[in-house]
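Have a look at the structure below before the remarks.
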Amino acid sequence: MEEPSEETALLASNISSPTISSAVVQIATLELDAFDELHSSDIIRPPELINHRTLQVAYSLVVLLSFRAKSRKDGMQSFNNPWDRWKAEKDAKTIVNSIDSSIQRVWTSFLDGYCKPQDIDNVLWTPFRVEDGGEKYLRVVDFLTHPSQASSEFLAHRLVYFSFLNYWKNGFSKDFSRSRNYLRDRYDALCTPKVLHAIELIVQILFLILLVSYTLHPPNRAVIYAETLEYIGWGEAILVFLSLALSLRKPSFFNTPFYLSFLAFLFFLPSVPSPENLSFVIVVGSISFFVSIALSSSFTSPDSGAWDRYSVVVGITARAAFFLLIRIPTFVFKKLGIAHTFMEEFERLVWRITVGPVVAIVKIIAIPFS
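Be aware that the sequence shown starts at 1, since it is given in my numbering, and climbs by one per residue.
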């Protein structure tokens, strides 16, 4: 099977598998007694994946976790009759316990033999389509974001922890000896979630410094002249760029300072915020918000180093900060009707040119702290 990469789905294009919803529907028709043998049922072990051990385990786990989530949701429905509500919760708890047992059996069976890092990553990170023709995909890691989404035994398993830690520090595991483009893949591998997160923190610190400097030393000229670029302050331009880039991350309360600062500059065009107008107050408010969030946030770190910090969404927010440098060009090419394969190559090229050098520098600087 071809080595997976971050740019492509882990599930090879020449391997088809049933959708998650189709298996969930079949499980829902089973009697409760049949759940004891669900871990070995063909429902979660489709023939299409019989020769692909890691993909079969990944599919089995993601189906079981999906059905578990559905059962918990069904058990939390509101009923006017207390008896009906109690019965629904009781039945849901029984089903969830049976599903947890099946999940544990599938996971334990997978660990009976030696597993390479790539095997573990494939099980945890391979996406499967939820419905036919749909665009939504689910992975095992998508169910590990909250204690209620999986059993405590699975969530707290040390191998899951070590896999996340390895992904955070080194990125997706890959056998470079099988790579056709060794140097290119090695270069891409520098962009680990750990390094990208460090870059994002640097960008946020730079944003805060520029914003504070702007409020302490407001520009003398309050109007941005469109005719001549020399009157446009580079500090203001960089602030607008950074606030927009950071605002394009996944929507979150923690993005509020970036939303405020971007809107303060946007709604006051063609002028820039100055102490005489309300927009300047909004800019000052965004600084207060930024500092308050930074002081109130509790960032935990693993024991292996001061830089270590991980989650199931590591790296995603860091990449979003470079949205304007990478996504917009490919969006334009798509609108122009240029082939999708060309856009993928172009996106990787732009990524290597813009982000790669910064990652390499941060990686070198971080070596003494590793």
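All C-beta atoms in this analysis are idealised placements derived from N, C-alpha and C, irrespective of residue type, glycine included.
Only a predicted model underlies this, so the values are computations on that prediction, with no experimental measurement involved.
Not a single unbroken stretch of the beta strand (DSSP E) spanning 3 or more residues falls wholly within the segment 43-129.
Within the same chain, and ignoring the five residues on either side of residue 64 in sequence, the residues whose Cβ sits closer than 6 Å to its Cβ are 99, 102, 103. With 16 or more other Cβ atoms from the protein chains shown falling within 10 Å of its own Cβ, residue 194 counts as buried.
Just so you know, the alpha carbons of residue 258 and residue 135 end up roughly 29 Å apart. Taking residue 29 as reference, the option from 252, 139, 67 with the minimal CA-CA separation is 67. The beta carbon of residue 69 sits closer than 8 Å to those of 143, 149, all from its chain and outside the five residues before and after it, given in chain order.
Three or more Cβ pairs drawn from the segment 232-243 and the segment 200-208 lie within less than 8 Å of each other, which places the two stretches in contact. In the structure shown, the three-state DSSP call for residue 271 is strand. Using a 10 angstroms sphere on the CB of residue 86, the tally of other CB atoms stays under 16, which defines it as exposed. Here the segment 116-135 makes contact with the segment 45-56; the two share three or more CB pairs at distances below 8 Å. When the Cα atoms are used, residue 349 and residue 41 turn out to be separated by approximately 45 Å.
When rounded, the separation of the alpha-carbon atoms in residue 59 and residue 138 is 10 Å.
Residue pairing from DSSP leaves residue 196 without any beta-bridge partner. Under the criterion of beta carbons closer than 8 Å, residue 88 and residue 71 do not qualify as touching, at roughly 10 Å. Under the DSSP definition of a beta bridge, residue 210 lacks any partner.
For residue 257, the enclosing alpha helix (DSSP H) covers residues 256-266.
Here the C-alpha atom of residue 200 lies approximately 15 Å from the C-alpha atom of residue 210. Note that the C-beta distance between residue 21 and residue 131 is below 8 Å. Judged by DSSP in its simplified three-state form, residue 30 adopts coil rather than helix or strand. Beta-bridge partners of residue 138 (DSSP): 128. Note on residue 267: under 16 other CB atoms within 10 angstroms of its CB, so exposed under the neighbour-count rule. Residue state for residue 18 is assigned as coil, using DSSP reduced to three classes. When the beta-carbon positions are compared, residue 128 and residue 62 come within less than 8 Å of each other. The DSSP-derived three-state label of residue 235 is helix. Residue 218 sits in coil when the DSSP states are folded into three classes, being neither helix nor strand. By the C-beta density criterion, residue 79 is exposed, having fewer than 16 other C-beta atoms within 10 angstroms. Within 10 angstroms of the beta-carbon of residue 113 lie fewer than 16 other beta-carbons, which makes it exposed.
Residue 352 sits in a helix when the DSSP states are folded into three classes. Where residue 249 is concerned, there is no enclosing alpha helix (DSSP H), because DSSP gives it neither an H nor an E. With contacts defined as CB atoms closer than 8 Å, residue 261 and residue 243 qualify as a contacting pair. For residue 158, the uninterrupted alpha helix (DSSP H) segment begins and ends at 158-170. With contacts defined by Cβ atoms closer than 8 Å, residue 294 and residue 282 do not form a contacting pair. Within the same chain, Cβ atoms closer than 7 Å to the Cβ of residue 45 are found at 56, 60, the five residues on either side in sequence being excluded. Between residue 170 and residue 192 a beta carbon distance of about 6 Å is seen, short of the 8 Å cut, so the two are scored as contacting. In this model, residue 32 and residue 96 are separated by some 11 Å (Cα to Cα). In this structure, the CA atom of residue 108 is about 10 Å from the CA atom of residue 154.
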